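Engineer: Count the sequence shown with mature numbering (1 follows the signal peptide of the UniProt record, and there is no 0) and you get residues -23 to -1, 1 to 152, in order.
Positions of the beta carbon are idealized from the N, C-alpha and C atoms, including for glycine.
Predicted, not measured: the structure shown is a model, and the values here were computed from it.
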Amino acid sequence: MKFLKMLAAASALSLLVGCSANIEDYQGEEPQLKLEEFFDGELVAYGMVQDYSGKVIQRFRADLKGTWDGNEGVLDEQFYYADGSEQERIWYITKTGENSYEGRASDVEGVAEGTTAGNVLNWSYTLIIERDGEPFSVKLDDWLYLVDEDNMINRTQMYKFGLPVGEITLYIGKK
């Protein structure tokens, strides 16, 4: 009986996890988000990582520098964590359509797929992180909301085996 209750709870949770915002809900919102405009030049970000229970497990600052040549962009991210550790991620971004982008980075498995509508971008990708010295992949549902031409809010849900395992929240602003 206990197993059946756990199975029912897991099934209900998986249904909730499958529910998410629709990118088209933001069509027409201003200002229009174009990655090649917002992520061009120097930016700074401040954020936190929370575990599945909502507990903050890491805080960070990041310096970002974006450059674009036509539809091809490079976004260099330098992370500085509150525990003293540092990390670099370099994104290679391609604008593949009027409202679509692809991104690649050394710690991203395969290709990140992104779609914009209005002032919002939704990225979907698998990130390889280190846990206890071993590689660990998590699926990210990444939402970036352009507040105005110089400021953005980013919320990311992290999943493993379809279950939520954490969340990242950050502010990104132009320098």
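1. Is it a yes or a no for the segment 29 to 36 touching the segment 5 to 12, going by three-plus beta-carbon pairs under 8 Å?
2. Bridge partners of Gly150, per DSSP?
3. Using the Cα positions of Tyr78 and Thr93, report the straight-line distance between them to the nearest angstrom.
4. Helix, strand or coil for Tyr29? Go by DSSP, reduced to three states.
5. If you reduce the DSSP assignment to three classes, tell me which class Phe16 lands in.
6. Please classify Ala59: is it buried, with 16 or more other beta-carbons within 10 angstroms of its beta-carbon, or exposed?
7. Tell me the rounded alpha-carbon separation between Gly61 and Ala39.
8. Can you tell me which of the three DSSP states Asp46 falls into?
9. Select from Gly24, Gly5, Phe16 and Gly18 the residue whose C-alpha is nearest the C-alpha of Tyr148.
10. Excluding five sequence neighbours on each side, which residues of the same chain lie with their C-beta closer than 6 Å to the C-beta of Lys116?
11. Please report how far the alpha carbon of Pro89 lies from the alpha carbon of Trp68, in whole angstroms.
12. For Val85, list the residues DSSP reports as bridge partners.
13. Could you tell me the distance, in whole angstroms, from the CA atom of Gly139 to the CA atom of Thr71?
Structural biologist: In short, the structure shows the following:
1. Verdict: no, contact absent.
2. Mapped onto the sequence shown, residue 150 falls at position 173. Val21 and Asn128.
3. Locating residue 78 in the sequence shown gives position 101, where the first residue counts as 1. Locating residue 93 in the sequence shown gives position 116, where the first residue counts as 1. Using only the alpha carbons, I get a separation of about 8 Å.
4. In the sequence shown, residue 29 corresponds to position 52, counting from 1. DSSP places Tyr29 in coil when its eight states are reduced to three.
5. Counting from one through the sequence shown, the residue named residue 16 turns up at place 39. Three-state DSSP puts Phe16 in coil, outside helix and strand.
6. One-based indexing of the sequence shown puts residue 59 at position 82. Exposed: under 16 other Cβ atoms inside 10 Å.
7. For the purposes of this step, residue 61 is identified with residue 84 of the sequence shown, where counting begins at 1. For the purposes of this step, residue 39 is identified with residue 62 of the sequence shown, where counting begins at 1. Per the coordinates, the alpha-carbon of Gly61 lies some 13 Å from the alpha-carbon of Ala39.
8. If you number the sequence shown from 1, residue 46 lands on position 69. Strand at Asp46.
9. Along the sequence shown, one-based indexing puts residue 148 at 171. In terms of Cα proximity to Tyr148, the closest of Gly24, Gly5, Phe16 and Gly18 is Gly24.
10. As a position in the sequence shown, residue 116 is number 139, starting the count at 1. Hits under 6 Å: Thr103 and Tyr136.
11. As a first step, residue 89 is located in the sequence shown; it is residue number 112 there, counting from the start. As a first step, residue 68 is located in the sequence shown; it is residue number 91 there, counting from the start. Residue identity check: residue 89 is Ala in the sequence provided, not Pro. Ala89 and Trp68: Cα-Cα distance of roughly 10 Å.
12. Position 108 of the sequence shown, counted from the first residue, corresponds to residue 85. Val85 is bridged by DSSP to Leu104.
13. What you label residue 139 is simply residue 162 of the sequence shown in a count that begins at 1. What you label residue 71 is simply residue 94 of the sequence shown in a count that begins at 1. So the alpha carbons of these two residues sit roughly 28 Å apart.
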